[in-house]
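Contents: one structure, followed by commentary.
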Amino acid sequence: MTIGDHVADRVEQVPPSGIRRFFELAEEMDDVISLGVGEPDFSAPWAARTAAIDSLERGKTSYTSNRGMRELREAISERVTRYGQEYDPDSEILVTTGASEAVDLAFRAFVEDGDVVAIPQPSYISYTPGALFAGGDPLPVPTSAEDEFKLTPEALEAAGADEADVLVLCYPNNPTGAVMTEDELAAVAEFVEEHDLVVFSDEIYADLRYEDSHASIVTHPGMRERTVVFNGFSKAYAMTGLRLGYAMGPPEAIDAMNKIHQYGMLSAPTTAQYAAIEALRSCDDEVEEMRREYDRRRRFVISRFREMGMDCFEAKGAFYVFPEVPDGDDEAFAEGLLEAQNVALVPGSVFGEGGEGHLRVSYATSMRELREAMDRIEAYVNG
Amino acid sequence: MDKQSLLDLLRRDARESVDDMARQLGADADAVAAALEELEDDGVVRGYQAVVDWNKVDEEVVRAQVEVDVELDRDTGYDQIARRIARFPEVGTLRLVSGDYDFFIEVEGDSMQGISKFISERIAPLPEVTKTVTHFVMDSYKEEGIELGDGDDDDRLSVSP
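These protein sequence lines map, in sequence, to chains A and B. At position 277 of the first sequence (counting the first as 1) the number is 277 in the UniProt record's numbering, and the numbers step up by one without a gap. At position 160 of the second sequence (counting the first as 1) the number is 160 in the UniProt record's numbering, and the numbers step up by one without a gap.
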């Protein structure tokens, strides 16, 4: 007997991540400029880092309340009013170890064996495995470049999502950079209500919208009572390594998720919670400065792709653009580019249906590197 | 053409090409070139300089910050005194400030002796100057918003979700 023979089927069935394979290829090479990174190139604002240091100096190294420090939940509750969201800090907010934990908790709390989980594609790579680990049955809902990778009721209908139990949303979107406006969300909300779905809305990139401000499905009639929202500090505050996120939803939803969280995690990292309180309290200017810098890079990257003749829809959120590969084979393009020009990016097909023929290009890297990377991509395209 | 955005961009990196600036601003290259020219013509943009970490240069450069107290009289104002001080090529920066002294000067030279001599022979003797305090710069950690010294490496994973 070896323990390997006993790995649970629900784990076995999940294929290895395509991102992982690309990571390994890129790691083997020197001098790689990477546009494959899914996290900010900035460090967390200094005030937030100082708050973390101070908390350590004061010996704040114990657990916190399962749901997270009350002070932090209050600050979160106040913060999200800017997105039109209202959540009670005592009963409707759960602080988690990254938004990723919140997503995992939601799958485990709400997905029964065989429940259908509709996941718009291309999609962040964690949702499908998350649904599978929970015993669910993922249903890909392809979106397309023609719709700027927005989710439409037609796409939901065509994929059979009317039979689904859960719908996962992620806008602004990783990997496409797509965003949804209030009107577009209203149409989705109507579908959701008609077919009585539970909604998981991952809004981790809420602060990284470049043409307008964040729109959330929970502000639409009938949505709040059936939705869990995920957000966190990783992207807007450049705090990925501090692992801090949160879930918001009706009390029964948060109670259910907290039941799992209290046994599996106890509480989110205490040091990170101190950093997060300070981040919410005093770091708006830094967030805005980072947003402006991303915006400049975004425009730069999109125009370079268009100038070299690659179709690139105008991504208006997150820090990704999603250009089309000239001959359609994204894996071959990405591998060839890495080999010939030492530029790493991620082939779109890694992110599911609708991603094939595209590339995820992250502009969370300095202008200097971006300029060099775009020159190299142009040389590769013309070569 | 939004001039404030263009200024933000120039203050971050003034060496970018007009084309690259245009791409980042979502503007036409000709419009950026015209706006740039206008900023220069109007005297809004006075020049473009490199931010140098002198620790990494063999040649020794000595810098000092000098506090200068002056006494005004009926015929002489700050502007007149400032104009006289500013003309010296040794003076890199000259500002009128609030607080314990009047003028703040940054001076650059080849040696401490040279700077001392400049202050004692050129600045202190000016009739309106009543007192100078010279601080020699011992080290610099940040200049023009840029941290000096060895930067942190980008230690992020090269490809991540």
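Glycine included, every Cβ here is placed at the ideal spot set by N, Cα and C.
| Asked | Found |
| --- | --- |
| Using the Cβ count rule (16 or more neighbours within 10 Å means buried), how would you classify Q49/B? | exposed |
| Report yes if the C-beta distance between L244/A and T96/A is below 9 Å; otherwise report no. | yes |
| Residues of chain B with CB under 8 Å from D41/A, in chain order? | D154, R156 |
| Could you give the first and the last residue of the continuous beta strand (DSSP E) run that contains P153/A? | Element bounds for P153/A: not the beta strand (DSSP E) but the alpha helix (DSSP H), 153–159. |
| In three-state DSSP terms, what is A344/A? | strand |
| Could you list which residues in chain A have their beta carbon closer than 7 Å to that of V51/B, in chain order? | None at all; the shortest Cβ gap to chain A is about 14 Å. |
| Taking H135/B as part of the beta strand (DSSP E), name the residues at either end of that continuous run. | 129–136 |
| Rank F22/A, V343/A, Y83/A, V116/A by C-alpha distance to the C-alpha of S160/B and give the top, closest one. | F22/A |
| Please compile the residues from chain A whose C-beta is within a distance smaller than 7 Å of the C-beta of R23/B. | R299, F300, S303, R304 |
| Going along the chain, which residues of the stretch 367–383 of chain A sit with their C-beta nearer than 9 Å to a C-beta in chain D? | This model lacks chain D altogether; the protein chains it does include are A and B. |
| Between E146/A and chain B, is the shortest Cβ-Cβ distance under 9 Å, so that the two count as touching? | no |
| Taking just the CA atoms, how far does A247/A sit from R73/A? | 10 Å |
| Please name the residue in F103/B, D8/B, G145/B whose C-alpha comes closest to that of E67/B. | F103/B |
| Looking only at its chain, what residues have a beta carbon closer than 7 Å to the beta carbon of M257/A, apart from the 5 residues adjacent to it on each side? | L94, L105, A106, A109, A247 |
| For a contact meaning CB atoms closer than 8 Å, what does G47/B contact in chain A? | None at all; the shortest Cβ gap to chain A is about 22 Å. |
| Give the DSSP-derived three-state secondary structure of H6/A in the structure shown. | helix |
| How many Å lie between P122/A and C312/A at the Cα? | 15 Å |
| Can you pull the DSSP bridge partners for G317/A? | R209/A |
| Between which two residues does the alpha helix (DSSP H) containing A86/B stretch? | 78–86 |
| Within its chain, find whatever has a CB closer than 8 Å to the CB of residue 398/A; leave out the 5 residues flanking it on each side and keep chain order. | As shown, chain A starts at 1 and ends at 383. That puts residue 398/A outside it, with no answer to give. |
| Please identify the residue among R297/A, T64/A, G336/A whose C-alpha is closest to the C-alpha of M367/A. | R297/A |
| At the level of alpha carbons, what is the spacing between K235/A and M112/B? | 48 Å |
| Less than 9 Å between the beta carbons of Q273/A and G68/A, yes or no? | yes |
| Judging by CA-CA distance, which residue of S120/B, T132/B, V61/B, E90/B is the nearest neighbour of M138/B? | V61/B |
| So, is the C-beta of V361/A closer than 9 Å to a C-beta in chain B? | no |
| For the pair the stretch 25–40 of chain A and the stretch 369–382 of chain A, tell me if three or more CB-CB distances fall below 8 Å. | yes |
| Comparing alpha-carbon positions, which option in E16/B, L148/B, E71/B, K3/B lies nearest A124/B? | E71/B |
| Quick one, are the C-beta atoms of F136/B and I115/B less than 9 Å apart? | yes |
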